[in-house]
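Residue numbers (numbering that gives the first Met the number 0): 0 to 1119. Don't be surprised by glycine CBs; every beta carbon is placed ideally from N, CA and C.
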Amino acid sequence: MTKVAIDQEARNKAVDPRYSYIVQAPAGSGKTELLTDRILALLAIVNRPEDILAITFTRKAAAEMRERVMLKLEQALQAEPTEVHKKGSWQKAKAVLQRDRELGWHLFDNPNRLRIQTIDSFCQSLVRMTPSLSGAGASLSPTENSRTLFEQAVQRTLSMLDKEPCVKQVLSHLDVNVGRFHELLVQMLEKRQNWLKLTQDPQTALEEMVATLHGIVQHTLEEAIVALGPDYFEQVKAIVSEAAHMLASKGEENPLKAWLTWDGHVLGADSGDVALWKGVVHLMLTKDGNYRAKVDSRDGVDAKSPHKKAFLAWLKTLSDSCAEKLHAIRLLPDELITDHSLEVFPQFFECLALCERCLQEVFKEQGEVDFNEISQRALRALGSQEEPTEMLLKIDADLKHILIDEFQDTNLIQKELLDLITSGWSYGDGRTLFLVGDPMQSIYRFRNAEVSLFLKIAEEAKKNQGLADKDKQVVLGNVVMDLLLLEENFRSDAGVVNWVNQTFKEIFPASNQLALGGICYTPSNAFKPMQFDSPVRYYPFTFTKDEEGSKDRAIQQALQCGVKLVKEALQTHSESDNAVAVLVRSRSHLEGLAEALAAEGIPVQAVKMVPLGATEEVSDLVQLVRALSHRNDRLAWMSLLRAPFCGLTLKSLTHLFENQLLQSIPLQISHYLQDLVNVERLIGRDEAKRLAFIHQAVSIPYAQSDMTFTAYIEQCWERLGANRLYASAAAQENIQAVLKVVDTLAPYGNLDLNEFERKINELFAAPTSEKGAVQIMTMHSSKGLEFNEVILFGLHKQPRGEREALLEIESEQGHLLLGSITHKASGIADQVSALIRERNKERQEHEVSRLLYVACTRAKEKLHLVYVQNAERAATKSTMLARLETLIDPQLVVEAPEVDNSMPSMPSLEWEVDNSNLKRYPVSLIEQLSLQHQSIPMGFSAHQGGAWIFEDKLPSAIGTTAHYWLEQMGLDKLQGWSIERIECSASLIKRQLRHLGVESAVLENAAQKVIDLLSGVLNDEKGRWLLSHPAATQEWSLFNEEEQNRIVDLAISTEEGWLIVDYKTNQRFDDESLDAFKQRLIAMYSEQLKGYAHYLERLDGRVAKTAIYALDGCVWIELF
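Shown next as structure tokens:
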């Protein structure tokens, strides 16, 4: 008998295209399958594929969803499957194919008619199509590195210190600490979506902040009152009042002094009662938040008090949960806003508004914005429900169905965008909204995601369950929705599912806490049977503080355990591409595991784990860059001489350069090589050949070169034969990443090495694509993935300590709360800041618990938890181990084996010198490369197989220069451009060509060729149209889901989709017909343009057409 999922009824409802739902889908519940089935069900009833919009939060997820839909359509061309669980998808896909034939969609030829895109790309499309409404020019591009833009805006704000009183006043309140003020404003700009509206009316902002704080106070007191029970006041009023007066009579410090003026009213949830409540809590709880076991005269309670015995007995009846709620009262401020804040906050809001205006200026000047700005401008592009723009009306007419994946990661702006888009919908008009997510997997609070938005909508939708259609209420925008809960887990072994259920029921809070992002646990039901006796195992490695070397031995044992588990998993699942993953909370928590695995010969695929600079090829290239930038950089040159392409021994380096500190190493090498006999006697013949080789490869200083600094470095690198040494795809990608940084920072030399290293330190190495590799990644990166076995490593490690906030900020659900801006030297503790700090800390604790849940639910068959533990005390509260420690079943614990000394130990902190293991070229290769240097000037390139060939740079240099000028003309929309202006720029064009390596003999003709090409464009109607189009983006730099960079010469966004244009400067041959010229260009570049189109369609979801614009003759060639 075929097994049916226990939530099958909910799944059937979810794919009914007539209704709107919000679906809570726990890990492993098959939500992607559900989404694709819903898309198929919708395609079978719409008139156009574009009537449906599916939104995801990553490019990878969007690409996967589109591929899944197309795969199901392809499978529908085959016979109906025999598996029951596949029949539903097959039948839906079959109906879509019928619809496709009836309406002539041709989805197989035009798969990108499926509008599946990220929320960011959807917002970008709105902004591009409405530049005047959104306040954005078509050339504004989003950037990941927005901090630089924020810093420029802040610096501009601070420069107005003498002109703007608000800047001077706020700075004064910060003890004139410019650095602190600068960092504070940068932080505020990062979160500006939370305060932008408030700065427009500072008085209203203050009122809203006070109202928010009042709401927090009221909610906290209400929770305490409910927990205490209906007769609580009768239990406390007499003894607290008595204690207050007794302490007052002694003249001692009186934490109950508010009770001296108590007028007899029953304490309620009003902010005016906070001081009285704090007195009650003081008498009921210890400082640690536990109920008092006794009270005495020191607390103001006389030994003979008639209320004492009953009071203590009553305390014993109260729950631990009640104590927590009472303890929270201690954090409440005595007053909602101080006179100081009333004075400072209006000035601060004015300062923020000024800073935001400066940021808008920076955006315009740099042509870049952050993703937050894209969302803000997309919202502006739609107008409002009362005054909709043409764009909103068009979307209202075009969009019939919206699906959103990972809705728990939505932020407030995105929710407002959805509200606005659906504001004109009405129940029963055939339009539907479908939201899918799992609040238990909400782990992106640091990106402004608000899980409370999902919870609030789900709670409202739940109220509609069981009601007649006419009685159901609007939940979001103007959409009536129902809540569906999925329960079946199709991913994991029953043993893993059961363990997750038991464990996280205890770790997660007992009920949802909307204000603090707390999520109660929703259990799953395992679809798969239990295949293993103990699919979840703990591997503790204990140490004692007093035993010397005990902790190091425990860490060594943990590393060896990790290696052993990886080996076994790779062997067991040798046919799987996702056999085993090692997940850590942070990269620093690996403690040398990656190195230990590599030492055992196990391929490691580290996803954003290995810093770019830590790879061997980048380490060598960075030293080459440093050496070529500064000839006196002794350390860089020493490193270069030790690198594999030279490989001098330490003995040789000592003989050559010990105590030789007055001259640069390049100069010393040059002097040595003037007397080869002496050099060979000093270090040996083979070593002398190595020294001569490095001199030949990099002896020409950049100042004597006529090319870009990047090209100079690249050719030195190639002359060293390094591309042969580091030939893997991952290594080549890493090398290109370094060269791109150099090209960005210093295309013509004078590289700032500090900035260069800072940029390199921000990047990660490309992962290896080697089969049979263990995958290592952070728990955040693992979301959405699954593996046969999962190893959670370093659970005992503490997170990196966060710096104390310059200003405590709480921003949830559109409410803003700020701590006081005070003089740091005053030493006055701000109660509001303390409250916000603790509330944010609690939010973070909830998110860490959810992150642990995400990590554990990646396992399909087995889950291994490896950690080091102090045998004498409990785990530190901030660790993940602290959440699990009291829940560990002893039967699941694996005893630690003794250290196996035959296995590689942790990397030693002491340097070892062993020249026999020096990795370097053989002398025969050195000789071969040296011979090539004698005949090959600086101006060659290396191709696969190590064959060195000359490269004709002239066409490339002409093309690069022409592209630069076309970009400038396009950015200006041809305003101020003429043939005369181009001709007057001849000297600049020559200088650019010379930097690109064009020799003097042909420089004049090359410059004239560029001028002729550009003049032809200005004389051509199509050329002028391309360069002046208001919706055109020039030299558009985009990244696909694999983070590969694509540069599109020209992209024009239209209502129908995209037009991608590639400029080509290829020269038409003298005897070549126009048709033959076109066919040659099509043959050369059609695949490249097809790739651009495919990429952009996957990114944006709209159809992309491509064309070539050949500058030689201004030939227009439409392709797809």
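Membership of G1015 in the alpha helix (DSSP H) is indicated by the continuous run S999 to N1018. With respect to the C-alpha of L513, the residue from E615, E449 and L592 having the closest C-alpha is E449. Annotation for R329: K277 and V280 place their beta carbon closer than 8 Å to its own, counting only its chain and skipping 5 residues before and after.
In the DSSP assignment, P665 falls outside any beta strand (DSSP E) and within the unbroken alpha helix (DSSP H) covering I664 to Y671.
For the 7 Å CB-CB criterion, R586 and M608 form a contact. C715 sits buried, since 16 or more C-beta atoms from the chains shown fall within 10 Å of its C-beta. A direct Cα-Cα distance of roughly 12 Å separates W964 from A1006. Secondary structure at N631: coil, using DSSP grouped into helix, strand and coil. Here the region 846-866 makes no contact with the region 416-432; the two share fewer than three CB pairs at distances below 8 Å. Residues of the same chain with a CB within less than 7 Å of the CB of Q659, apart from the 5 flanking positions on each side, are Q667 in chain order. Taken through DSSP and simplified to helix, strand or coil, T885 comes out as helix.
Assigned with DSSP and collapsed to three states, F433 falls in strand. Annotated as distal: L762 and E754, with beta-carbon spacing of 7 Å or more. In this structure, the CA atom of G975 is about 41 Å from the CA atom of K167. Looking at the DSSP output, G382 bridges to P387. It is roughly 15 Å from the alpha-carbon of L466 to the alpha-carbon of S19. C-alpha of L639 to C-alpha of E788: approximately 42 Å in a straight line. Inclusion of A765 and E732 in the CB contact set at 7 Å is warranted, their separation being smaller than that value.
By the neighbour-count definition (other C-beta atoms within 10 Å, threshold 16), D685 is an exposed residue.
A contact is defined here as three or more CB-CB pairs under 8 Å, and the region 485-498 meets this definition with respect to the region 514-525. Assignment of alpha helix (DSSP H) within the region 232-270, counting only whole runs of 4 or more residues, yields no such run. By DSSP's assignment, R536 forms a beta bridge with H863. Assigned with DSSP and collapsed to three states, G720 falls in coil, not helix or strand.
Beta-bridge partners of P766 (DSSP): none assigned. Residue state for L815 is assigned as strand, using DSSP reduced to three classes.
Secondary-structure assignment with DSSP links N577 through no beta bridge to anything. Nearest neighbour of L417 by Cα position, chosen from R444, P438 and R379, turns out to be R379. Secondary structure at Q1066: coil, using DSSP grouped into helix, strand and coil. Ranked by how close their Cα comes to the Cα of A956, the residues L928, S923 and K1008 have K1008 in first place. Taking the Cβ atoms as the reference, T885 lies roughly 14 Å from L794, outside the contact range of under 8 Å. Contact between E1096 and A1103 is confirmed by a C-beta separation of about 5 Å, below the 8 Å threshold. Setting aside the 5 residues that flank it on each side, V273 is surrounded in the same chain by V216, L331 and D333, each with a C-beta closer than 7 Å to its C-beta; the list follows chain order. In the DSSP annotation of this structure, V3 is not part of any alpha helix (DSSP H), being labelled neither H nor E. Per DSSP, W424 is not a residue of any alpha helix (DSSP H), being assigned neither H nor E.
Assigned with DSSP and collapsed to three states, A274 falls in helix. Sequence-distant Cβ neighbours of V893 in its own chain, meaning closer than 6 Å and more than five residues away, are R536 and Y538.
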